[in-house]
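Right, one structure below, let's go through it.
There are 6 protein chains.
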Amino acid sequence: MTVLANERIAYFNGNYVPEREVVVSFRDASFIGGDAGFDTTRTFNKRIFKLDEHLDRFYRTLRYLDIDPGLSKAEMKAISIEVFERNRHLLGPDEDYWLSQRVTRGQDKWAADGVATPTVIVECQALPYAKRAPLYRDGIEVIVPSIRRTPPDALSPQAKTHNYLNLIMADREVKAHNPKAWAVLLDAYGNLTEGLGSNLFLVSDGRLLTPRTHFVLPGISRQTVYELAEDLGIPLVEKDIDLFDAYNADEAFLTSTSLCICPVKSINGRKPADKGIPGPVTKRLLDAYSRLVDCDIAGQYLKHLKD
Amino acid sequence: MTVLANERIAYFNGNYVPEREVVVSFRDASFIGGDAGFDTTRTFNKRIFKLDEHLDRFYRTLRYLDIDPGLSKAEMKAISIEVFERNRHLLGPDEDYWLSQRVTRGQDKWAADGVATPTVIVECQALPYAKRAPLYRDGIEVIVPSIRRTPPDALSPQAKTHNYLNLIMADREVKAHNPKAWAVLLDAYGNLTEGLGSNLFLVSDGRLLTPRTHFVLPGISRQTVYELAEDLGIPLVEKDIDLFDAYNADEAFLTSTSLCICPVKSINGRKPADKGIPGPVTKRLLDAYSRLVDCDIAGQYLKHLKD
Amino acid sequence: MTVLANERIAYFNGNYVPEREVVVSFRDASFIGGDAGFDTTRTFNKRIFKLDEHLDRFYRTLRYLDIDPGLSKAEMKAISIEVFERNRHLLGPDEDYWLSQRVTRGQDKWAADGVATPTVIVECQALPYAKRAPLYRDGIEVIVPSIRRTPPDALSPQAKTHNYLNLIMADREVKAHNPKAWAVLLDAYGNLTEGLGSNLFLVSDGRLLTPRTHFVLPGISRQTVYELAEDLGIPLVEKDIDLFDAYNADEAFLTSTSLCICPVKSINGRKPADKGIPGPVTKRLLDAYSRLVDCDIAGQYLKHLKD
Amino acid sequence: MTVLANERIAYFNGNYVPEREVVVSFRDASFIGGDAGFDTTRTFNKRIFKLDEHLDRFYRTLRYLDIDPGLSKAEMKAISIEVFERNRHLLGPDEDYWLSQRVTRGQDKWAADGVATPTVIVECQALPYAKRAPLYRDGIEVIVPSIRRTPPDALSPQAKTHNYLNLIMADREVKAHNPKAWAVLLDAYGNLTEGLGSNLFLVSDGRLLTPRTHFVLPGISRQTVYELAEDLGIPLVEKDIDLFDAYNADEAFLTSTSLCICPVKSINGRKPADKGIPGPVTKRLLDAYSRLVDCDIAGQYLKHLKD
Amino acid sequence: MTVLANERIAYFNGNYVPEREVVVSFRDASFIGGDAGFDTTRTFNKRIFKLDEHLDRFYRTLRYLDIDPGLSKAEMKAISIEVFERNRHLLGPDEDYWLSQRVTRGQDKWAADGVATPTVIVECQALPYAKRAPLYRDGIEVIVPSIRRTPPDALSPQAKTHNYLNLIMADREVKAHNPKAWAVLLDAYGNLTEGLGSNLFLVSDGRLLTPRTHFVLPGISRQTVYELAEDLGIPLVEKDIDLFDAYNADEAFLTSTSLCICPVKSINGRKPADKGIPGPVTKRLLDAYSRLVDCDIAGQYLKHLKD
Amino acid sequence: MTVLANERIAYFNGNYVPEREVVVSFRDASFIGGDAGFDTTRTFNKRIFKLDEHLDRFYRTLRYLDIDPGLSKAEMKAISIEVFERNRHLLGPDEDYWLSQRVTRGQDKWAADGVATPTVIVECQALPYAKRAPLYRDGIEVIVPSIRRTPPDALSPQAKTHNYLNLIMADREVKAHNPKAWAVLLDAYGNLTEGLGSNLFLVSDGRLLTPRTHFVLPGISRQTVYELAEDLGIPLVEKDIDLFDAYNADEAFLTSTSLCICPVKSINGRKPADKGIPGPVTKRLLDAYSRLVDCDIAGQYLKHLKD
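Chains as they are written, first to last, in the numbering used here: chain Z, 1 to 307; chain L, 308 to 614; chain P, 615 to 921; chain G, 922 to 1228; chain X, 1229 to 1535; chain V, 1536 to 1842.
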């Protein structure tokens, strides 16, 4: 197949192919059951961020799912770098990629005889700058849905899998109230956890508060905030956080691979006490994050703002 | 593309195509999130069973997920019949099909702009007679895993979606103890619920007991047992069932689309009091089921038994 | 004190006085702790509705709270009738009253010595026709908040007390998303319960579904629906109801003393299948309710609709 | 209105008036719904204790409730001091005041049109020395009721509101068994939390144990114990505490604004191992507390002991 | 060993021996782990009551525990009758026996090699008439402890085992408040369940209410009440019952093998509305019970009342 | 009674007697209710290990149960030493004892009049070297059963009582799947707790993880691991641990009095990443434990390995 000049290349079961060729049978375990693990890092000014940490987490997910990718972590790393390099030229000057690894349990194992071969995909995608740029200007409107985060004894939130309906249904619930809103879910005990791919932090009396690593994915960006907070001398506490804490926060922000740190405008319509977007502590952390990755994170987004 | 004589045909986004052409982008919502609904009926001696009831349930799932299939129920029914008819000739004399409808939310909606077009697939697959035949001879070995069924406030078990990891992880947990075992999960309150695609019934003091329709999929085969039990004058009670009830059952069986009614040999190694496989009440129901569908259900499986 | 001609009269600790004189010390148990029971009926065309049933429920609340009102049920009934009669002349032709009894534990008992004397108030208030009229035209927009209904082992939802913060906070949460929305809360187990003074019914496959009387106030209007449904031959089932059931309902409505039966437009933005407002079953019940009370319930509201 | 010489003065919606004039309409949100926040400090030898800390907590409660008092924290402080000064002369030589701020959501907002004006009251009350004096001599008899503390996802225990029925019902339950008993409730998970206005501490192996700040009000006296414990080099641990821990404590005490630190005689009839009242660690803390506030706390109470 | 004339005889591992010889090694599974099942019926005027029903329940317990008694149900019945006959002569004219079967897993199986032989004991004991007589005169004072009934997913309350600490600790908790009190525990969800060997019934609006058979032992006396209620035309409902229901009951009573039906005086000090002991419905049932067993149940107890 | 030369001696209610004389009435509270506390230490090369720590824990259990043993801790210590000394000569050169104290509430207190006298037994038993030796060679196969650990509000897992059915039923459940398996139970919230007499540790990224002391017995061997880990500079964290953590552990081991530290081979069939038995961190701790007790712990077991 001819590769078009403006076409992204992905790794697919041993080959580097144009993305349009990365198609899977509808009998693949991930298509019919979401039975797969994945992970996603991003680049900053064309440099891949914490790829080792992401792959460590990815392999923990796979081990939890008991899926053998058939590739060592070193091989997966080399493939990831190769995929990025093959697509680098498609990026504009103020653009970066999401870079994802996905491994499924392979073709419909439980109906068929024999052993499935995992499906392995490594792919990249441009970050949605224009769409998310307003979030850096205005802050994210967080709504807490009625849907609760799946409990660990049903499926561990520490694993990053293709079973996303709990988070999708939660996000759709809040977007029905407000199309701009993002969901952050409570756990079974009424504590705030996480959103669809994002972790929550509050700033309260000069301290950072964030949910315990039990009902949430241990985000790499979240971990980066731990490190930046330590460097900046900002105390950070993992604890159970409820709506009382959220409504009394001085500032709040979400972290995710793509956003890094993005200020929260409101939680259930309640605005943090420090009404600046971002608040002063959030700004210190975001600035430090930008220095760490040598990229003006918010600036990069805001350049794509459509007035 | 040429259709091979021995190749199954499926409906795929408006067309009838060979199955090998039913391939989806890895960015499809079902591949990356299990974000889809589905339903599955089967045929008996080449007649489709309760297609309307299955489609009613299918559209309830879609409505819960807020996915518009772009097809009316009547259209989906016509397509389902057409798919079956196009594949009928591939069946041997003692064979029947699973017949499934699947609708996904379409391509990666939450990262992209615009609105996704749902992916629609209707397909059939030969029932795994040889693999399951021993179950009718020996009964199913049920093990109750430590994993609990996802609670309704996280994702409703009444919906039949492509998010199967909770049930898959449970099934893998028990198969690690005993490769022949099937999982039946407890709910958050310690009551027995369902397995991967199967409902549980106990026979106790001449009554049928089955979990309430709240933590379980309302199975069509389960519903058929309700009707048969009424015809046969066997009382049936929906109630919370725990391990005490299970260990004291006189008989037990699972129902599913493919199995209809299949006797349980043991639950956590405990054998029902009536040790016949099937027990007398189970046999009456299975016989009545066979009469209803005009097909010797167990007999069809047992013909494929490999000594 | 002179009673003005247009001034409502209330019963207050043994006397009939103008409402402006019904003032309580800030040390009253209800002011500082919400430590009181109450009940509310309404009139239809100037006739009091089911006063005995309301007073029975009121005295169950008081007995739960262990508050002795110092008045027999018969005395409370006589006072209630008297209060209504003294205020009847203030009603316009298309107006009716809420009529409420309230008994508090009296003055700050736990800090002071001695025994408190209960505060007893019986009062009426014009129904908010104009404000609620659009609900009969458009239906109520129900949103399910993240806040859960107080569980019975903390404080029984069957008692009608002056501790309303759980329901108020829930209602404020959803009104922050949509000022017209009404909250219907989940219980600790993820089942739908009730709203601030309202009970929920779904219509599904020709049956009425409503939550079990355990996490909800046993509404008198709800009870009236039971009676009307029996008269009309509409099956009614008390059961655990989750969001799957709600999103798949054919119709939905709320009941309350003032509303009697008011159609629901949407639940979390999802519209019932029968999109008429009211749906056909709701309409049959509402019509029967109107006949029972000899008052065009919706019509009375709609007369007050502004432009 | 003439102010009598022996009459207390309170602040009420902008004015300083005799307490008997602080009367509110029965339609006030706090009367009919307990819809209000409050806080209470006390004086020691006529000096107000930690007024800033109490007002900080008060404003956190108001922010959670989304009630705007219409007064800045500085204004509230000035009013509080003024109220105390206007009542100081009424205190005897061994007496001090409770000093409370209360803000309600105002008049029945949800039935009426328009916006409610909050009701603001600042008032003081003599401490109940005679009634509580025996507690310092004998210790408090704690009973754990069957009623559980309202969970945070129904209403946050961190907020100090006028919804007191959960705690009142618990306290009445234990007083029905023993009129001298005080309730300390379990949370939904079986851990000890708090009583009606009091926090619990255990002394165990030389360490102080107290429940985590999640199911309890973060008491200012509790916080003071933290500071005193640090000064005295007594380790303090926040953790989940169950009946096993309570029955095995060496000492136990309650803290509250009025009591500061008061020894516990027994929990469910079980006496701490160190049977002195107070135990040695409790005594060290109580002595340190007395030094901090320059007032013999227990001594002041015991002076009022009626033989 | 010589049998004394006034000595009770018991069955012990195959022999009928004087009770003083029924001694077990401290390594018996029941001594070191409570690892045993049992059941207890009683006699009425020297006739054994519902022995078959008790043995059916006993064998369900044993099957749950997976203990094989080494005796058929018919053998156990014959032994039970024999034990009673051998001790019949020791009864006074107004006396009857408890008659119990106990089977343990035998000697310390999990530390030792090989297979344990179960310990089998059938024994009788005079009913404690004098001690319990006041209960028929005064009613039972029920207190609801803070301790919750063990949930079914930890150990099924439907099994009657020698693991009694949950109920013993609950009973001791309430007896510390009031030595005459009996405990009735809540389950994990705040519903009333059962006491130490007793089931609870409420009479409310002419109906009998009793907890669902899930968190409680299915009492044979409870079952007898079901039958008597049906005979007498008294409606009976199994449902979740909370403190609101209990405090609003018209009457309440406990059932147990020895008590049959015994009126409740109060629940947490709250007296039922019908203050007679027994109340009218309770009396009808107790009279019918007495007729059924041809024995004046309460009368027999009251004859032993001291002074 | 003559004492045979090869017969063990035990302390029984004031006397030192041959074990065969330590027989209890079947009416003893521990036989009919498991109503007793106990504790067990062991010897290493004939030296008793941490007897004081074990007796401290024993007396906490008794205090929780409210059983007065009638002996001071010093007396119990002297008796324990005496029992060991009287049986020391029966040990082979590579053998050691379990040494246990047991106190029951005495004879059937709740049916009889008067006060029970506790039954006191101190006894020893040879460690089951041959049976457990393979565990040190192969590692323990842990299976997580469906049964959940009894929650603290039903009966505190911190107390070591004779109510063992929850753990026995769990152990039997997993042994039905695999006769060599040991159960480690989840708590009510889906976190791993403990097994029948054993605590769980994971090694993850060089840190030790173990469940919080709340749903588990605070093991003395577990405490010893804390001390050894501190000495060796291995970080240790108490936290909620779920299956994700377990499946991703680098190593895992159980601790118990007899095993001290024994490597885990697999959890639900999943093998730790460091596949050596024992893993390197486990080995360091086990070696340090051996040095502490001056006894080659694993070596002593492995000497008894058959074939």
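The C-beta atom is built at its ideal place from N, Cα and C for all residues, glycine as well.
For residue i, which residues in chain P fall below 9 Å Cβ to Cβ?
i	result
residue 1471 (chain X)	678, 766, 767 and 770
Kindly list, in the order they appear in chain G, the residues whose Cβ is closer than 9 Å to that of residue i.
i	result
residue 762 (chain P)	1072, 1074 and 1075
residue 1694 (chain V)	1165
Start and end of the alpha helix (DSSP H) containing residue i?
i	result
residue 1551 (chain X)	Look at the range of chain X in this structure, 1229 to 1535, and you will see that residue 1551 (chain X) is not part of it.
residue 1825 (chain V)	1815-1828
residue 1307 (chain X)	1301-1315
residue 1141 (chain G)	1141-1153
residue 551 (chain L)	550-554
residue 180 (chain Z)	Here residue 180 (chain Z) belongs to no alpha helix (DSSP H), and DSSP marks it neither H nor E.
Name the chain V residues whose beta carbon is nearer than 7 Å to that of residue i?
i	result
residue 1304 (chain X)	Those do not exist, as residue 1304 (chain X) stays about 16 Å from chain V at its closest Cβ, beyond 7 Å.
residue 452 (chain L)	1681
Quick one: measure Cβ to Cβ for residue i and residue j, integer angstroms, because I've assumed they're closer than 8 Å.
i	j	result
residue 710 (chain P)	residue 656 (chain P)	6 Å
residue 1372 (chain X)	residue 1471 (chain X)	7 Å
residue 988 (chain G)	residue 1026 (chain G)	5 Å
Give the range of the beta strand (DSSP E) segment to which residue i is assigned.
i	result
residue 1246 (chain X)	1243-1246
residue 871 (chain P)	Premise fails: residue 871 (chain P) is in no beta strand (DSSP E) and is neither H nor E.
residue 1094 (chain G)	Taken as a continuous stretch (DSSP letters only), residue 1094 (chain G) belongs to no beta strand (DSSP E), being part of the alpha helix (DSSP H) at 1086-1098.
residue 343 (chain L)	343-351
Looking at residue j and residue i, is the spacing between their C-beta atoms short of 9 Å?
i	j	result
residue 1293 (chain X)	residue 1256 (chain X)	no
residue 877 (chain P)	residue 891 (chain P)	yes
residue 1467 (chain X)	residue 1439 (chain X)	yes
residue 438 (chain L)	residue 398 (chain L)	no
residue 499 (chain L)	residue 581 (chain L)	no
residue 1277 (chain X)	residue 1521 (chain X)	yes
List the residues of chain X that residue i touches, going by C-beta distances under 8 Å, in chain order.
i	result
residue 1557 (chain V)	1253 and 1254
Run through chain Z and tell me which residues come within less than 8 Å of residue i, C-beta to C-beta.
i	result
residue 1775 (chain V)	212 and 214
residue 393 (chain L)	Here the premise fails: no neighbours, minimum Cβ distance about 17 Å.
Note down, in chain order, every chain L residue with its Cβ under 9 Å from the Cβ of residue i.
i	result
residue 1288 (chain X)	551, 554 and 555
Please decide whether residue i counts as near chain C, where near means a Cβ-Cβ distance under 9 Å.
i	result
residue 495 (chain L)	The structure shown contains no chain C; the protein chains it does contain are Z, L, P, G, X and V.
_Between the segment 1016-1023 of chain G and the segment 1033-1053 of chain G, can you find at least three pairs of beta-carbon atoms closer than 8 Å?_
yes
*asked:* Below 8 Å, how does it come out for the segment 1737-1754 of chain V and the segment 1696-1712 of chain V: are there three or more Cβ pairs, yes or no?
replied: With the cut-off at 8 Å, the segment 1737-1754 of chain V and the segment 1696-1712 of chain V do not touch.
*Count the CB pairs spanning the segment 1806-1824 of chain V and the segment 1780-1788 of chain V that are closer than 8 Å, and state whether there are at least three.*
yes
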